[in-house]
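Encoded as structure tokens, the structure appears first; notes follow it.
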Amino acid sequence: MLALDHLLKQHFVAETRSRVLIFTANNEFAYQISQKFLIPAITHQTKTKERTAVLQKFRTGEYAMLVTSHVLDEGIDVPEANVGIILSGTASQREYVQRLGRILRKTPDDKLARLYEVIAKDTVECYVSERRRGATGESR
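Counting in our numbering, the sequence shown tops out at residue 143, every number present.
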């Protein structure tokens, strides 16, 4: 959570126009982050009406950050998002590309987007991340 805290401060303070999407592997972790950092969460348990309202507030800038589990990986368009933070992702290259796609939407101002993947040192996550980035042609 320390790395997340650092990234959120960096983008919330340094770039007030940043819109941050935080991706987690499960609902429990999404809700923990939501409570700790007072960030709205969207999971598969979020009712459609609430999900629509939260996404609208994110689009307009009323909410600068949003945490989600897998529910926003596909089929949702949020071109306002310009920062993605992946916490506890999976080995799936497809999931990684889908999450990257949430922040790489064409906008009139050709925004700069950043994707962070937070991994634990000396764990299998390091190997998985390296392998996935190699497969997508991405560098460090």
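Every residue gets a Cβ at the ideal spot worked out from N, C-alpha and C, and that includes glycine.
Here's the rule I'm using: 16 or more other beta-carbon atoms within 10 Å means buried, otherwise exposed. How should R22 be labelled? buried
Please check if any C-beta of chain D sits within less than 9 angstroms of the C-beta of T49. Any reference to chain D falls outside this structure, which holds one protein chain only.
Suppose only complete runs of 3+ residues qualify. What are the beta strand (DSSP E) ranges in the segment 8-51, listed by chain order? 23-26
So, at 6 angstroms on beta carbons, what are the nonlocal neighbours of Y66 in its own chain, with the 5 sequence-adjacent residues on each side left out? P43 and K60
Please state the DSSP three-state secondary structure of E120. strand
Could you tell me the alpha carbon to alpha carbon distance between L75 and Q38, rounded to whole angstroms? 19 angstroms
Any idea which residues DSSP pairs I89 with across the strands? F26 and E120
Are L90 and L24 close, meaning C-beta to C-beta below 9 angstroms? no
Round the Cβ separation of T71 and I45 to the nearest angstrom and send it over; I've been treating them as touching at under 8 angstroms. 5 angstroms
What are the partner residues of M68, as DSSP defines its beta bridges? V23
Thinking C-beta only, is N29 closer than 9 angstroms to Q48? no
Euclidean distance between Cα positions of P82 and E53: 20 angstroms
Distance check for I79 and R62, CA to CA, integer angstroms please. 12 angstroms
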